[in-house]
Amino acid sequence: MALQDAAPADIRQLPIVRQRLRQVTAYRRGEIAALGKAEESKKTPGLSSLALADTPSAFHVTVIPTQPFLAIPEVSSERRDYIPIGWLEPPTVPSNLVRILPGATLWHFAILTSHMHMAWMRQIGGRLESRYRYSIGLVYNNFPWPEASVAQRAKIETLAQAVLDARALPRNATSTLADLYDPDTMPASLRKAHHDLDLAIDRLYRKAAFGSDRERVEYLFTLYQRLIDPLHSAKNRRAIRQPPSP
Numbered sequence: 094m095a096l097q098d099a100a101p102a103d104i105r106q107l108p109i110v111r112q113r114l115r116q117v118t119a120y121r122r123g124e125i126a127a128l129g130k131a132e133e134s135k136k137t138p139g140l141s142s143l144a145l146a147d148t149p150s151a152f153h154v155t156v157i158p159t160q161p162f163l164a165i166p167e168v169s170s171e172r173r174d175y176i177p178i179g180w181l182e183p184p185t186v187p188s189n190l191v192r193i194l195p196g197a198t199l200w201h202f203a204i205l206t207s208h209m210h211m212a213w214m215r216q217i218g219g220r221l222e223s224r225y226r227y228s229i230g231l232v233y234n235n236f237p238w239p240e241a242s243v244a245q246r247a248k249i250e251t252l253a254q255a256v257l258d259a260r261a262l263p264r265n266a267t268s269t270l271a272d273l274y275d276p277d278t279m280p281a282s283l284r285k286a287h288h289d290l291d292l293a294i295d296r297l298y299r300k301a302a303f304g305s306d307r308e309r310v311e312y313l314f315t316l317y318q319r320l321i322d323p324l325h326s327a328k329n330r331r332a333i334r335q336p337p338s339p
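Residues in the sequence shown are numbered consecutively from 94, following the numbering used here.
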């Protein structure tokens with residue numbers, strides 16, 4: 094229930110909702126177990142849980158998007174060639190297992206779902222058992238994005254839309270993203286749309302084709318080093334000018 098904008102007078106008129114709010118308060122204080130769990134599964138609440146008990150109508154997360162957002166699952170099967178990324182809209186509230194980009198465009202979607210970004214993610218990202226674990230801090234923030242002209246961006250966005258169109262074909266209407274991106278069941282039309290997008294994005298980085306993911310990652314690391322070298326040089330210059338500590 095999304096009650097952050099509900100008027101207290103309205104909530105008071107809903108007995109079932111009021112009862113659920115009392116249960117939320119009790120759970121956050123450690124007085125009852127989670128819904129459907131045995132009584133012995135009760136946990137001693139931490140300071141954050143105790144603080145949240147004072148506002149039972151508020152979510153425990155503060156990220157509540159007010160505009161369409163791109164959702165990236167934090168954990169994804171290592172069998173997939175691509176992490177299934179897609180748009181969601183309010184009033185959908187993302188869980189802590191989803192990384193989000195509010196206001197993302199087709200350009201963002203294209204780069205993040207590309208073979209180039211997937212190669213970077215496999216090398217830089219963490220693991221949960223053998224599954225990929227996507228991190229905004231490690232994977233997204235450190236990824237070297239390509240430069241592109243207005244015309245190049247327009248082409249990339251057209252190819253990105255082709256990926257979304259392939260997902261939305263009538264025969265895929267009952268398929269989830271998990272179905273569409275399972276390597277055993279991925280539709281040929283969707284795979285081709287991704288392939289065309291991958292080739293175009295590869296060419297934004299260099300004209301010569303990449304022969305493997307290793308080549309992609311090596312190129313990205315070289316580009317990353319070039320990007321951070323000026324930052325390191327500036328820090329070193331400041332360190333030289335700084336007087337020694339007493």
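Don't be surprised by glycine CBs; every beta carbon is placed ideally from N, CA and C.
- With a contact defined as Cβ atoms closer than 8 Å, L283 and R260 qualify at about 6 Å.
- Distances from the CA of I176 to each of D272, F314 and Y298 were compared; the closest alpha carbon is that of D272.
- Here S169 is buried. Its C-beta has 16 or more other C-beta atoms within 10 Å.
- The beta carbons of S142 and R121 sit about 5 Å from each other, so the pair counts as a contact at 8 Å.
- At a Cβ-Cβ threshold of 7 Å, M211 and V232 do not count as neighbours.
- Boundaries of the alpha helix (DSSP H) harbouring Y298: A281 to Y298, taken from the DSSP string.
- Residue state for W238 is assigned as coil, using DSSP reduced to three classes.
- Assignment of Y233 by DSSP, reduced to helix, strand and coil, places it in the helix class.
- Taken in chain order, the complete alpha helix (DSSP H) segments of 4 residues or longer contained in the stretch 174-211 are 199-205.
- Here S207 is buried, its C-beta having at least 16 other C-beta atoms within 10 Å.
- In terms of Cα proximity to E171, the closest of D275, N265, F314 and L205 is D275.
- Residues L252 of the same chain have their beta carbon placed closer than 6 Å to that of D289, with the five preceding and five following residues left out of the count.
- Look at the beta carbons and you see the stretch 180-195 touching the stretch 157-167: at least three pairs across the two are nearer than 8 Å.
- At least 7 Å separates the beta-carbon of Q160 from that of G218.
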